[in-house]
Amino acid sequence: MLFGATLPNILYFKRALKHYRLKFGNATVFIATSDDYEYLESELSDEKDVFLAKGNSPTEDMALLSSCNHSIITMGSFSFWAGYLTGGEVVYPDVLTIKEYR
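Our numbering runs 270 ahead of the 1-based position in the sequence shown.
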């Protein structure tokens, strides 16, 4: 949990991948970055069209992501800016807030 909201699970990513595959066809290539590479590897290694970027600095990851055509993002400012700089279609989670903030 982060700031009273639930984080998207792997099903969110699988649905987003399916959305882009249906929209753009089987020639679609995905690039995934994360500060938790082991999680990505364990959950997405069976996806043959997903390439995991490992060992890059956040600056290099942002440059890589901003050169993509479309984005699948999670919560946080890094994801927001990656999606914004890409300029294409952005799939983002429907954030469920656990408690009300004032």
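Glycine residues also receive a C-beta, built at the ideal position from the N, C-alpha and C atoms.
In terms of residue numbering, what span does the beta strand (DSSP E) encompassing residue i cover?
i    : result
L277 : No beta strand (DSSP E) holds L277; DSSP gives it neither H nor E.
V320 : 320 to 322
A302 : 300 to 302
Please classify residue i as buried or exposed, where buried requires at least 16 neighbouring CB atoms within 10 angstroms.
i    : result
M271 : With a pLDDT of only 44 at M271, under the threshold of 50, the placement of this residue in the model should not be trusted, and no figure is reported.
A297 : exposed
I260 : Summary: the structure shown does not reach residue 260, with the chain confined to residues 271 through 372, and so no result is reported for it.
Report the residue from the options whose alpha carbon sits nearest the alpha carbon of residue i.
i    : options                : result
H340 : G346, G325, A286       : A286
S304 : T329, V361, R291, H289 : T329
R291 : L310, S336, V320       : V320
S315 : L335, N326, G295, K284 : K284
I343 : S327, V360, L355       : V360
E308 : K318, L322, V299       : L322
G358 : Y282, K318, S337       : S337
Following the continuous alpha helix (DSSP H) through residue i, name the residue where it begins and the one where it ends.
i    : result
E308 : 307 to 314
*Where are the alpha helix (DSSP H) runs, 4 residues long or more, that stay fully inside the region 334 to 369, in chain order?*
347 to 356
*Report yes or no: do three or more beta-carbon pairs, one from the region 331 to 345 and one from the region 299 to 315, lie closer than 8 angstroms?*
yes
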